[in-house]
Every structure is written in C-alpha cells, then in structure tokens.
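Engineer:
There are 2 protein chains.
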Amino acid sequence: MATIRDVAKLAGVSVATISRYLNKSGYVNVETEQKIKKAIEALNYEPNAVARGLAGKKTNTIALILPDISNPFFPELARAVEDVASMYGYTVILCNSDDEGVKEKSYIEVLKKKYIDGIIFASNTLDSSDVEQMTKKGIPVVCLDRVPPKQSCSVVRSKNREGAKLAVEHLLDMGCRKIAHIYGPQEFITAKERLAGYEESVKHLDWYSPTFMIQGDFRIEGGIRATELLMERHPDVDAIFAGNDLMAVGALKALHRMGVQVPGQVAVCGFDGIGMTEITQPELTTVAQPIYEMGALVSRILIKKIEGTLEADQTYELDVALVPRESTLRRNGHESS
Amino acid sequence: MATIRDVAKLAGVSVATISRYLNKSGYVNVETEQKIKKAIEALNYEPNAVARGLAGKKTNTIALILPDISNPFFPELARAVEDVASMYGYTVILCNSDDEGVKEKSYIEVLKKKYIDGIIFASNTLDSSDVEQMTKKGIPVVCLDRVPPKQSCSVVRSKNREGAKLAVEHLLDMGCRKIAHIYGPQEFITAKERLAGYEESVKHLDWYSPTFMIQGDFRIEGGIRATELLMERHPDVDAIFAGNDLMAVGALKALHRMGVQVPGQVAVCGFDGIGMTEITQPELTTVAQPIYEMGALVSRILIKKIEGTLEADQTYELDVALVPRESTLRRNGHESS
DNA sequence: CTGCTATGTGGTACCGGTTACACATCGATT
DNA sequence: AATCGATGTGTAACCGGTACCACATAGCAG
Chain C
1 MATIRDVAKL
11 AGVSVATISR
21 YLNKSGYVNV
31 ETEQKIKKAI
41 EALNYEPNAV
51 ARGLAGKKTN
61 TIALILPDIS
71 NPFFPELARA
81 VEDVASMYGY
91 TVILCNSDDE
101 GVKEKSYIEV
111 LKKKYIDGII
121 FASNTLDSSD
131 VEQMTKKGIP
141 VVCLDRVPPK
151 QSCSVVRSKN
161 REGAKLAVEH
171 LLDMGCRKIA
181 HIYGPQEFIT
191 AKERLAGYEE
201 SVKHLDWYSP
211 TFMIQGDFRI
221 EGGIRATELL
231 MERHPDVDAI
241 FAGNDLMAVG
251 ALKALHRMGV
261 QVPGQVAVCG
271 FDGIGMTEIT
281 QPELTTVAQP
291 IYEMGALVSR
301 ILIKKIEGTL
311 EADQTYELDV
321 ALVPRESTLR
331 RNGHESS
Chain R
1 MATIRDVAKL
11 AGVSVATISR
21 YLNKSGYVNV
31 ETEQKIKKAI
41 EALNYEPNAV
51 ARGLAGKKTN
61 TIALILPDIS
71 NPFFPELARA
81 VEDVASMYGY
91 TVILCNSDDE
101 GVKEKSYIEV
111 LKKKYIDGII
121 FASNTLDSSD
131 VEQMTKKGIP
141 VVCLDRVPPK
151 QSCSVVRSKN
161 REGAKLAVEH
171 LLDMGCRKIA
181 HIYGPQEFIT
191 AKERLAGYEE
201 SVKHLDWYSP
211 TFMIQGDFRI
221 EGGIRATELL
231 MERHPDVDAI
241 FAGNDLMAVG
251 ALKALHRMGV
261 QVPGQVAVCG
271 FDGIGMTEIT
281 QPELTTVAQP
291 IYEMGALVSR
301 ILIKKIEGTL
311 EADQTYELDV
321 ALVPRESTLR
331 RNGHESS
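Listed in order, the protein sequences are those of chains C and R. 1 is the number of the first residue of the first sequence in the UniProt record's numbering; add one for each residue after it. 1 is the number of the first residue of the second sequence in the UniProt record's numbering; add one for each residue after it.
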C-alpha cells in the first residue's frame with residue numbers, strides 16, 4: 001500500500017500539496033494537479049482511512065443502536081439507514097442492545113473510542129442524560145421514537161395517536177361495535193401513545209370500559225395470551241386493535257385456535273406495517289408506519305448533523321397510513337355511523 | 001480525553017511502560033503498575049482505538065456483507081454474528097450488497113481502507129478471485145454457503161441436498177404421491193443442491209418428470225407465479241417442496257387464492273426455517289437450517305482466523321432438521337411405502 | 001570475577017494522514 | 001514604488017498509540 005509520502009516523492013511535491021489536492025483544501029496549480037493525478041494512478045494510491053480518522057477525528061462511520069435486528073420491524077429500518085449512509089460515504093456499525101441500558105452504555109464507550117461520527121438510537125432504554133452527555137461530547141445523536149425530555153437531539157417518529165384513531169375509526173366503519181385494544185409495555189412511548197389514541201377514540205362510546213384494554217408485550221406470544229384473556233373476559237368483542245403487528249399476529253393465532261372467525265366474528269388490526277402482515281391468513285389490516293422512510297430520514301438527519309448542515313434539532317412526525325386488508329373486511333361494512 | 005502521554009506524566013513513567021502495562025506485553029514492576037492504575041483512574045483514561053488501529057493495523061472491527069438485511073433469513077444471522085463478535089470485543093459493520101458484484105467490490109475497497117480485521121460473506125456474487133485477493137492481502141474471509149472453488153477460506157454451510165431429501169421423504173411419508181419442486185435461481189449453490197437432492201429422491205418414482213420442477217426466484221412473488229404455473233400444468237400435484245420458505249409462503253398464498261386446501265389437497269414444505277413459517281396459516285413445515293448457529297459459528301471462525309488460532313481453513317456442513325407442521329399434515333399419513 | 005539471563009524502564013521512530021505557518025511569486029491598487 | 005491579496009508550495013508538528021532497541025540492575029552459574 002502506497003502512502004501519501006510515496007505519492008509526494010513520485011510527483012515531486014510535498015505531502016501537504018497532495019493532501020490539499022485530495023481534500024480540495026487550499027490551492028493547487030493545474031500542472032501540479034496533473035502530476036499528482038498521474039502519481040496516484042501509478043501507485044494505485046488510496047488514502048488510509050484510519051490515519052485520516054486519527055488526524056481529523058472523523059471516521060465516516062455511524063452506529064445504529066437498536067433493540068434487536070431480529071425483531072421484524074428493524075431490518076427494513078436498518079436497510080434504509082445503511083442505504084442512505086453508504087450513499088453519503090458512511091459505513092454503519094450495527095449494535096443490538098436488547099433494550100438493556102448496560103449494553104447500550106458499553107456500546108457507547110466502545111464507539112466513542114472508535115471516533116464514531118454519530119449515533120442513531122432506535123432504542124427505548126436510553127435516558128436523556130445519556131443523550132445529553134453524547135451531545136456535550138460532540139457526538140451527534142438522532143433518536144427514533146423516543147424523545148429525550150430535553151430535546152437535545154433530533155427525533156424521528158410517527159403519529160401514533162393519530163394512527164390509533166385511524167384504526168378505531170376504520171373498525172367502526174367496518175361495523176364493529178366493541179373494539180378491544182391490546183397495548184404494549186408502557187415504558188415504550190409508542191405503546192403509550194397508541195393506547196391514548198385508542199382511548200380517546202372510544203371513551204365516548206356507550207360500551208366503553210377499561211376492561212377492553214389488555215396489556216401485551218409487543219410480541220406474538222403476548223398477543224396470544226392477551227387475546228385469550230380478552231375473549232374470556234369479553235366474548236362479545238368484535239374487533240381487536242393490537243398495539244403492534246406482532247401482537248396482532250398473536251391475536252390472529254389465538255382466535256384461530258379458538259375457532260373464532262376473522263374477520264367474520266372478530267376483526268383484527270395491527271400497527272407498524274411490517275412485511276409479516278401480508279403473509280398471514282387472513283392478511284392483516286394495519287396502520288403502517290413508513291419504516292423505510294423513517295430509516296432514510298433519520299440517517300439523512302444524522303449525516304447533516306455530522307456535516308454541520310443541520311440548522312436546528314427538530315422532531316419529525318411522520319404520517320402513518322391505514323392499510324385495509326382482509327382481517328377487518330366485514331360484509332356489513334359502512335353500516336354504522 | 002486524556003492520552004497515554006498524560007497518563008505517563010502523571011504516573012511518572014514513560015509511555016512505553018504504560019503501553020506495556022495496557023497490553024500486558026513486557027515487564028512492569030508491581031509498584032509501577034499501581035501508580036499507573038491510579039493515574040489511569042484519575043484521568044479516566046481510555047486508550048484511543050483509532051490510534052491503536054493505525055499503529056497496530058488492527059481495529060477490532062469485522063464486516064458482514066450480505067445481500068439484504070430485509071430478507072428474513074438474514075436478521076437472525078446478523079444477530080448471531082454480532083452477538084459473538086461483541087462477546088470477543090469486535091464491532092460489526094453491516095453491508096447490503098443486493099448480490100451485486102459492483103457494490104460488493106466497492107464495499108471491500110472502503111473496508112480495506114478502514115483496516116477492517118476480517119469479512120464475512122453471506123453473498124452469492126463473490127467470485128473466488130476476490131476471495132483470493134483478500135486472503136493474499138491478509139484479510140481473513142469466511143464465507144456462508146458459497147464455496148469459492150479454490151478453498152481459499154473457511155466456509156459454513158448446511159446440508160442442502162440432505163435437507164431436500166428429508167423434505168421429500170417426509171412428504172412421501174405423509175402420503176403424497178406427486179411432489180413438485182419450486183427451485184431457486186441456479187446461480188445460488190443452495191438452490192442447486194436442493195434441486196439435486198429433490199431430483200435424486202424422486203427420479204426413481206414412476207411419476208417422475210422434469211415438468212414437476214419449476215423455477216422460482218427465492219421470493220414470495222416467484223413462489224406464487226411458480227405455483228400458478230405448476231397447478232395449471234399438473235392439477236394432480238399433491239405436494240410442493242419449495243426451495244426456500246419465502247417461495248413456500250408464496251405457494252401457500254397462491255393455493256389459497258385458487259381455493260386449493262393445504263394440506264388437504266396439496267401439502268407444502270419450505271426450506272430455511274425462518275420465523276415467518278410459524279405465522280402462516282396453516283403453519284409451514286420446513287427444513288430448518290440452524291440459522292443462529294451458522295451465524296455464531298461463522299463469526300467465531302472469523303475471529304479465530306483473525307487472532308491466528310485457526311489451524312486450517314475448513315468447510316463446516318451443519319445439519320438441517322425437518323420441522324413438521326400443519327402444512328404437510330395429512331390424515332392418511334403413513335399410508336405409503 | 002566474569003558472563004549470562006531475567007527483570008524493568010525509557011527514548012524515539014513509526015503508523016499515514018492533516019494542517020498551521022512560513023515563504024515566494026505576481027498582478028493590481030494607490 | 002510600496003502595499004496588498006490571491007495563488008502556490010514546503011516544513012514540520014501533531015493525532016495517540018505501538019514496539020524496537022538501548023540500557024540498567026541483580027541474581028546466579030561456572
């Protein structure tokens with residue numbers, strides 16, 4: 001591997017000139033430029049990224065910290081982040097935190113030592129003090145979903161409350177009269193907001209009762225258990241709005257086992273819009289977040305922040321969209337309201 | 001951030017001693033050790049990974065190059081790779097190649113400049129000359145599935161041919177008599193081997209005909225199209241063995257649309273063992289690869305290779321296991337043979 | 001007493017870039 | 001003619017580690 005000094009020698013100029021040429025910083029005579037070009041070509045020279053990193057404290061590397069890449073929500077997000085990053089010449093380090101603060105912090109330590117340029121957090125554990133510390137130390141941070149109290153970083157999220165309302169409205173539209181909600185762990189702000197949206201939409205209805213709200217764990221298993229509990233408690237429920245798609249899948253499974261027809265007896269609606277919703281039977285109606293766009297946006301924002309072209313930190317709330325599918329299709333649609 | 005020179009000054013020793021202490025290379029007096037410890041503590045010193053990288057050409061970073069993290073096969077693999085890597089103090093860079101040679105090569109260029117310690121290839125595009133070049137330049141490589149002709153690196157794969165046979169046997173066991181196969185793109189060695197296993201298992205049967213083999217694209221859409229074509233060509237087929245789970249899901253969808261009962265009229269079996277197979281209706285029988293184990297193993301091998309504790313390059317062929325589920329459950333099971 | 005090995009430490013070149021600063025040239029301005 | 005800004009280039013310190021080599025001391029074998 002040729003070094004910048006080799007190039008300098010061959011081109012008959014100093015390393016400073018080569019460096020200026022490479023970074024387009026400072027003046028370089030056109031003729032000199034030609035000589036340098038030739039030398040670089042001849043030596044097949046490629047600047048060493050690590051040396052650059054050491055000298056300039058910039059590594060063109062960002063980190064993506066998420067709970068678990070095996071969770072079907074994240075691969076698409078990660079893909080988007082990586083796509084955008086690589087487009088801008090950045091490389092992505094993947095970190096699975098399992099939503100454990102300890103792991104997160106230890107990743108952060110390692111990443112700092114590696115002069116990472118910035119971090120994307122798609123994690124719920126992170127407390128605002130961490131974010132603040134990062135920001136203070138000059139490491140740009142962008143968060144997904146989670147808003148650290150003291151808006152010390154940009155955030156990308158989607159309209160969970162509105163989404164929940166969309167779901168409930170849709171179910172009402174389809175003629176459902178008793179709509180239950182399986183909500184996610186309340187440490188997750190998304191779960192909280194979706195629950196709030198649901199409650200807001202149904203609290204004025206005559207059948208409303210807190211017993212229609214059951215806690216799940218944002219996973220299939222929890223969706224199953226919650227549905228079993230729910231159907232025992234309220235056999236007359238005719239719709240389930242799950243706080244995320246995985247729990248909706250669980251609901252589907254549980255109902256199928258119980259011999260309950262979907263959507264005939266009970267309609268089911270999820271939230272997130274992960275790919276799985278298209279392969280269930282029946283296909284699952286869901287409130288889709290623009291997952292890829294969220295990833296692309298968060299990545300773009302981080303890079304802007306790194307490169308100093310971001311005016312100010314901001315919270316971006318992306319629109320969600322109801323994707324009606326079989327699981328909420330009722331022959332008596334549009335009968336109500 | 002404190003540097004090693006700050007520590008040296010405070011401890012009253014030279015940087016060389018600090019370095020020796022940190023790396024446990026060479027002698028350090030116990031008392032000196034104490035002083036150094038104290039100084040490090042006081043300054044909250046953490047050695048700089050980039051500087052280390054530059055000096056030692058070792059960055060404790062590996063790269064995982066795969067076609068697309070959104071493909072449901074890979075998240076679990078990536079998770080395993082990252083788990084093991086982080087256990088050994090390595091960080092993982094994620095690269096999506098889309099199976100395009102150009103992208104792969106450009107990633108490799110970037111990674112080399114970053115002094116990456118090693119690469120895991122879970123990609124099919126890579127030709128052996130690339131691998132050889134890598135190896136020649138001293139960058140350890142481990143491959144998944146794909147065996148570069150001149151065994152210039154370790155490989156982890158699973159028993160595709162045997163798996164295909166397991167699938168066919170199982171279908172025969174369940175009383176199926178005409179078993180079709182939807183095979184994947186033949187550039188993929190896995191697809192080739194599974195097809196070969198299928199052919200070997202059925203070629204001696206009286207109904208055997210090449211028309212029972214249809215090409216798919218390893219994705220849901222291709223599974224759908226292949227199934228449509230197949231059912232038109234052979235309405236009497238009573239089992240479909242798909243070359244991977246995604247195509248099996250496609251088959252399920254297509255059959256459902258056509259009103260064909262699964263498993264009543266046609267049984268369906270996939271290959272891979274991705275999570276999706278548990279949420280289809282009916283749940284999908286599949287030949288499961290030990291995905292997590294494969295990722296963990298490939299990661300472990302790479303790290304061994306990096307650290308020089310790998311004796312010799314080798315090909316590891318992991319066992320697959322038939323996971324029988326509803327999609328192949330026939331009431332007349334065990335009637336045949 | 002000499003020589004050898006084990007222990008312990010420091011000086012400094014080196015990894016391969018970036019960049020502040022000094023210096024030189026030259027046409028334009030006053 | 002003196003001054004100034006734009007252009008162009010080189011020297012060398014610096015980023016923060018690693019590691020080779022020199023050197024010192026001490027115990028022990030011959």
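Don't be surprised by glycine CBs; every beta carbon is placed ideally from N, CA and C. Given the structure is predicted, the values throughout are model-derived calculations rather than measurements.
Residues of chain C with CB closer than 8 Å to the CB of residue 366 (chain R), please, in chain order.
Structural biologist: Any question about residue 366 (chain R) goes unanswered here, given that chain R covers just 1 to 337.
Engineer: When you compare only the Cα positions, how much space is there between R146 (chain R) and A122 (chain R)?
Structural biologist: Going from the Cα of R146 (chain R) to the Cα of A122 (chain R) covers about 8 Å.
Engineer: Counting contacts by CB-CB distance shorter than 8 Å, is residue 358 (chain C) in contact with chain R?
Structural biologist: Coverage of chain C is limited to positions 1 through 337, which leaves residue 358 (chain C) absent and any answer about it impossible.
Engineer: Does M1 (chain R) come out as helix, strand or coil in the three-state DSSP assignment?
Structural biologist: Note: M1 (chain R) maps to coil in three-state DSSP.
Engineer: With 8 Å as the C-beta to C-beta threshold (strictly closer), list the residues of the UniProt domain "HTH lacI-type" (2 to 56) of chain C near chain R in chain order.
Structural biologist: Cβ contacts with chain R come from E46, P47, N48, A49, V50, A51, G53 and L54.
Engineer: I think K113 (chain R) touches T59 (chain R), with their Cβ atoms under 8 Å apart; what is that distance to the nearest whole Å?
Structural biologist: With a Cβ gap of about 11 Å, K113 (chain R) and T59 (chain R) do not count as contacting.
Engineer: The beta strand (DSSP E) with I93 (chain R) in it runs from where to where?
Structural biologist: I93 (chain R) -> beta strand (DSSP E) spans T91 to N96.
Engineer: So with Cβ pairs under 8 Å, would you call Q281 (chain R) a contact of chain C?
Structural biologist: Yes, because at least one Cβ of chain C sits closer than 8 Å to the Cβ of Q281 (chain R).
Engineer: For the stretch 148 to 179 of chain C, list every residue whose C-beta sits within 8 Å of some C-beta in chain R, in sequence order.
Structural biologist: Residues: none.
Engineer: Secondary structure at H234 (chain R), three-state DSSP: helix, strand or coil?
Structural biologist: Three-state result, H234 (chain R): coil.
Engineer: So, under 8 Å CB-CB, A226 (chain R) and I182 (chain R) are touching, yes? Tell me the CB distance rounded to an integer number of Å.
Structural biologist: The Cβ separation is near 4 Å, so the contact holds.
Engineer: Which residues in the same chain have their Cβ closer than 7 Å to the Cβ of V202 (chain R), if we skip the five residues on either side of it in sequence?
Structural biologist: Excluding sequence neighbours, V202 (chain R) sits near V168, I179 and Y208.
Engineer: Using a Cβ-Cβ cut-off of less than 9 Å, list which residues of the stretch 269 to 280 of chain C approach chain R; keep chain order.
Structural biologist: Here the close residues are G275, M276, E278, I279 and T280.
Engineer: Using a Cβ-Cβ distance cut-off of 8 Å, determine whether V92 (chain C) contacts chain R.
Structural biologist: Chain R contact via Cβ: present.
Engineer: Could you round the C-beta distance between L166 (chain C) and P263 (chain C) to whole angstroms and report it? I think they count as a contact, below 8 Å.
Structural biologist: In fact, because the Cβ distance is near 17 Å, the residues do not count as touching under 8 Å.
Engineer: Roughly how far, in whole angstroms, is the beta-carbon of T280 (chain C) from the beta-carbon of Q281 (chain R), given that I think they are within contact range, below 8 Å?
Structural biologist: Yes, they are in contact, since the Cβ atoms of T280 (chain C) and Q281 (chain R) sit about 7 Å apart, within 8 Å.
Engineer: Could you spell out where the beta strand (DSSP E) holding Y316 (chain C) opens and where it closes?
Structural biologist: Taken as a continuous stretch (DSSP letters only), the beta strand (DSSP E) holding Y316 (chain C) covers T315 to L318.
Engineer: Counting only Cβ-Cβ distances shorter than 7 Å, please list the residues of the stretch 69 to 82 of chain R near chain C, keeping chain order.
Structural biologist: Going along the stretch 69 to 82 of chain R in chain order, one finds I69, S70, P75, E76, A78, R79 and E82 with a Cβ nearer than 7 Å to chain C.
Engineer: With which residues is V260 (chain R) paired in a DSSP beta bridge?
Structural biologist: Answer by DSSP bridge pairing: none, since V260 (chain R) is not bridged.
Engineer: Using the beta-carbon count (16 or more within 10 Å), is K37 (chain C) buried or exposed?
Structural biologist: Under this definition K37 (chain C) is an exposed residue.
Engineer: Considering only DSSP beta bridges, list what F121 (chain R) is partnered with.
Structural biologist: Answer by DSSP bridge pairing, in chain order: R:I65 and R:C143.
Engineer: Can you find a CB in chain R that lies within less than 8 Å of the CB of H204 (chain C)?
Structural biologist: Chain R, which has no Cβ nearer than 8 Å to the Cβ of H204 (chain C), makes this no.
Engineer: Does V323 (chain C) come within less than 8 Å of chain R when only Cβ atoms are used?
Structural biologist: So, not an interface residue.
Engineer: What is the rounded straight-line gap between the Cα of I93 (chain C) and the Cα of S25 (chain C)?
Structural biologist: The straight-line gap from Cα to Cα measures roughly 29 Å.
Engineer: What are the residues of the stretch 210 to 232 of chain R that lie near chain C, defined by any Cβ-Cβ distance shorter than 9 Å?
Structural biologist: From the stretch 210 to 232 of chain R, only I220 have a Cβ closer than 9 Å to chain C.
Engineer: What residues from chain R crowd round T59 (chain C), counting only those whose CB sits closer than 9 Å?
Structural biologist: Here the neighbours are V50 and K114.
Engineer: Check whether the Cβ of N244 (chain C) lies closer than 8 Å to any Cβ atom in chain R.
Structural biologist: So, not an interface residue.
Engineer: Give me, in chain order, the residues of the same chain whose beta-carbon lies closer than 7 Å to that of E326 (chain R); leave out the 5 immediate sequence neighbours on both sides.
Structural biologist: P263, P282 and E283, listed in sequence order.
Engineer: For a cutoff of 8 Å on Cβ pairs, would you count D96 (chain R) as touching chain C?
Structural biologist: Per the sequence presented here, residue 96 (chain R) reads as Asn, with Asp not at that position. It does; some Cβ of chain C falls within 8 Å.
Engineer: Specify the secondary structure class of A312 (chain R) as computed by DSSP and reduced to three states.
Structural biologist: Correct three-state label for A312 (chain R): coil.
Engineer: Within the same chain, show all residues whose beta-carbon is closer than 6 Å to that of H334 (chain C), passing over the 5 residues directly before and after it, in chain order.
Structural biologist: Note that H334 (chain C) scores a pLDDT of 46, beneath 50, so its modelled location is shaky; the value from the coordinates is reported in the next line. Result list for H334 (chain C): empty, nothing under 6 Å.
Engineer: Given a cut-off of 8 Å on the beta-carbon distance, is the pair A267 (chain R) and L172 (chain R) in contact?
Structural biologist: Result no, Cβ atoms of A267 (chain R) and L172 (chain R) do not sit closer than 8 Å.
Engineer: I need the DSSP call for R157 (chain C), collapsed to helix, strand or coil.
Structural biologist: Looking at R157 (chain C) - three-state DSSP - the assignment turns out to be strand.
Engineer: In this structure, how does DSSP classify H204 (chain R) when only helix, strand and coil are distinguished?
Structural biologist: H204 (chain R): coil per DSSP, three-state reduction.
Engineer: Quick one: what does DSSP say A8 (chain C) is sitting in, helix, strand or coil?
Structural biologist: A8 (chain C) falls in the helix class under three-state DSSP.
Engineer: Could you tell me whether the stretch 269 to 279 of chain R touches the stretch 243 to 253 of chain R, where touching means 3 or more Cβ pairs closer than 8 Å?
Structural biologist: As far as the Cβ criterion goes, the stretch 269 to 279 of chain R touches the stretch 243 to 253 of chain R, which means the pair count is three or higher.
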